[in-house]
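Structure first, then comments.
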Amino acid sequence: ITASPPHIALLPSAGMGHLTPFLRLASMLSSRSCTVTFITASPSVSAAESSHISFFLSQHPQVKHIEFQVLPCKPSSNPTTDDPFFLQFEATNRSVHHLYPSLASASPPLSAIFSDFAVASSIAPVAADLGIPNYIISTTSCKFFCLMAYLPVLLSDPLSFSSSLSEVNIPGIISLPLPSIPPPFKNPSHLFTSLIATNAQALSKAKGILMNTFDDFEPETLAAINSGRVLDTLPPILPIGPLETFEPKNELDQSYLPWLDSQSAESVVYVSFGSRTAMSSAQIRELSKGLERSGYRFLWVLKTSKVDKDDKEELKDLLEESFFDRSKNKGRVVKGWVSQQDILEHPAIGGFLNHCGWNSVMEAARKGIPMLAWPQHGDQRVNAEVVEKAGLGIWERKWGWGLEGLVSGEEIGKKIVELMEDEKLRVLARKVGENAGKATGIGGKSEKVLTEVLEYLEQ
Ligand code: BUP
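Numbering (the numbering used here), first residue to last: 802 to 1260.
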């Protein structure tokens, strides 16, 4: 009997940073002849999620779709946060067991569930009841993943995050400076912290952890975790990145394209802080000054709220008219969703000022674009450490977390000049791009890892 390709159910969690790698993986699995079932939670938090899911499904009619109802979020039950994405993580965990009947009746029968770290604890019993393996998809750096996996141990010692320490100690992991640890981790009852700790405790039940990173990008961390030095209970960590891109091109604002096309090679700084950064209006003004001061050309994608549905402010209310007049030939400011992947692939882009959301980092790595890291929250400072160490970018640590203090236009401008004029960095970043290409090319390390997992799951 010849083996047939596996049937894999994918279950992402809330937010574009989580959905994006799942859409990419679904597309990759589908093109490798797997049967794919894509599970989505309803209602979704952001408009971007709904439109990307619809478009993805319309482009991949062979992908099966299960939509399941998420129980209502309980904002008042946890006063530590009102972040709609964290509340949705919590609600999804309460709802996941309802998936059992539709997963049990899947045809052909499911071979595995690939699910987000944020639902690790609730999907584990479902996979066990179905008698199939569960792989966790990590949507962050391997370094931050180590911190999450080790969090239950850190929380059991009240001195772990003591301000008298300069670093957090995780066996086998080099340098995790205390200021890079997300502040909520110091509060065990914070929803973000308790969700991560609960899910971390379920990791040992997974068959493996598929990670959107590659061996050359985080060699020491991958070696440490896979040799059992971080925790000896973890399943294998399987680096399969950078994931191939699948970019829906529906309803996109591309008004900047003719302007970008007319710019010379590597001359433009692309500025974006991802889908969830709500930058203060004062900081937005300083950033505009910084871009002007740098003298470099820029393409700036501006967001002002955590959830896109709330983003009602118009550009003219955020930035002075005189800024637009002065920068008419120098730059473009865009509000709304763009295809970041297309932008990073454009020959005119020479640098990327970014918050270090992990998808953005992997996209820059694929293209070898030098980054100026300006982490804002969550995993982003740890990710920025990784970016700097890998030679992909520079980082001004003293800028702190977003919304913590105001970074002046003068400082921003100087740092942008440093980014764009650092020839050594440009060479190193290009090398990162080459290594990323090797990892995902035929016979490359990441490509082999994914092939082995799929061969294992063949029916
Ligand atoms: Br904004 C924006 N276009 O306009 P990250 C984002 N993206 O294609 P985040 C666009 O969304 P988390 C836009 O390329 C990346 O793939 C971008 O994920 C794409 O950051 C994804 O980079 C955003 O991980 O998520 O949104 O802050 O907080 O989960 O890291």
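By construction, the Cβ of each residue, glycine as well, lies at the ideal position given by its N, Cα and C atoms.
Remember, predicted model here, so these are calculated numbers, not experimental data.
| Asked | Found |
| --- | --- |
| Outcome for Leu1061 when other beta-carbon atoms lying within 10 angstroms are tallied against a minimum of 16 | buried |
| Asn1000 CB to nearest heavy atom of the ligand BUP below 6 Å | no |
| Candidates Pro910, Ser847, Pro926: closest to Ser916 by CA position | Pro926 |
| Chain-order list of residues whose beta-carbon lies under 7 Å from that of Asn894 (same chain, five-residue window excluded) | Val920, Ser922, Ser923 |
| Option in Ala1007, Cys874, Leu1023 with minimal Cα separation from Pro769 | In the structure displayed, the chain extends from 802 to 1260; residue 769 sits before or after that span and is not available. |
| Sub-7 Å separation of Leu952 and Ala892 beta-carbons | no |
| Distance, Phe869 Cα to Leu1267 Cα | The first residue shown for the chain is 802 and the last is 1260, placing residue 1267 beyond what the model contains. |
| Any non-hydrogen atom of the ligand BUP within 6 Å of Gln889 CB | no |
| Pair within 7 Å by beta-carbon distance, Gly1042 and Ser1247 | yes |
| Bridge partner(s) assigned by DSSP for Phe1015 | Its beta-bridge partners do not exist; DSSP assigns none. |
| Among Asp1180, His866, Gly1169, Gln863, nearest to Cys1157 - alpha-carbon criterion | Asp1180 |
| The ligand BUP heavy atom lying under 6 Å from the CB of Thr994 | no |
| Backbone secondary structure at His1178 - three-state DSSP | coil |
| Secondary structure of Gly1151, DSSP reduced to three states | strand |
| Nonlocal neighbours in the same chain, by C-beta distance under 6 Å from Leu812, ignoring five residues either side | Ile840, Ser916 |
| Check whether Val1187 and Lys944 have beta carbons under 7 Å apart | yes |
| Beta carbon of Gly1194 nearer than 7 Å to that of Pro1171 | yes |
| Cβ-Cβ separation, Gln1142 to Thr1046 (assumed contact under 8 Å), whole Å | 5 Å |
| DSSP three-state assignment for Pro985, whether helix, strand or coil | helix |
| Beta-carbon proximity of Ile1217 to Ser1128, cut-off 7 Å | no |
| Beta-carbon spacing of Pro822, Thr940 below 7 Å | yes |
| Segment contact flag, the stretch 988 to 995 with the stretch 1207 to 1214, C-beta cutoff 8 Å, min 3 pairs | no |
| Residues bridged to Trp1101 [DSSP beta-bridge criterion] | Val1072, Val1134 |
| Cβ-heavy atom distance, Ser961 to the ligand BUP, below 6 Å | no |
| Span of the beta strand (DSSP E), counted from its first residue to its last, around His808 | 808 to 812 |
| Test: Pro984 CB closer than 7 Å to a CB of chain B | The structure shown contains no chain B; it is built from a single protein chain. |
| DSSP three-state assignment for Ser963, whether helix, strand or coil | coil |
| Counted within 10 angstroms of its Cβ, other Cβ atoms place Ala1257 as buried (16 or more) or exposed | What sits at residue 1257 in the sequence shown is Tyr, not Ala. It is exposed - the Cβ of Tyr1257 has fewer than 16 other Cβ atoms within 10 Å. |
| The ligand BUP heavy atom lying under 6 Å from the CB of Gly932 | no |
| Segment contact flag, the stretch 1109 to 1124 with the stretch 1027 to 1041, C-beta cutoff 8 Å, min 3 pairs | no |
| Check: Asn1160 C-beta below 6 Å from any heavy atom of the ligand ADP | Among the ligands in the structure shown, the ligand ADP does not appear; only the ligand BUP can be found there. |
| Close Cβ partners of Gly818 (< 8 Å) along its chain, the five nearest in sequence each way excluded | Thr940, Gly1075, Ser1076, Arg1077, Gly1158, Trp1159, Asn1160 |
| Heavy atom of the ligand BUP within 6 Å of Gly1194 beta-carbon | no |
| Candidates Thr999, Lys1107, Leu1154: closest to Trp1101 by CA position | Leu1154 |
| Member of Ser976, Val1139, Pro985 whose CA lies at the smallest distance from the CA of Asp1054 | Val1139 |
| Contact check, Gly1152 vs Leu1103, beta carbons under 7 Å | no |
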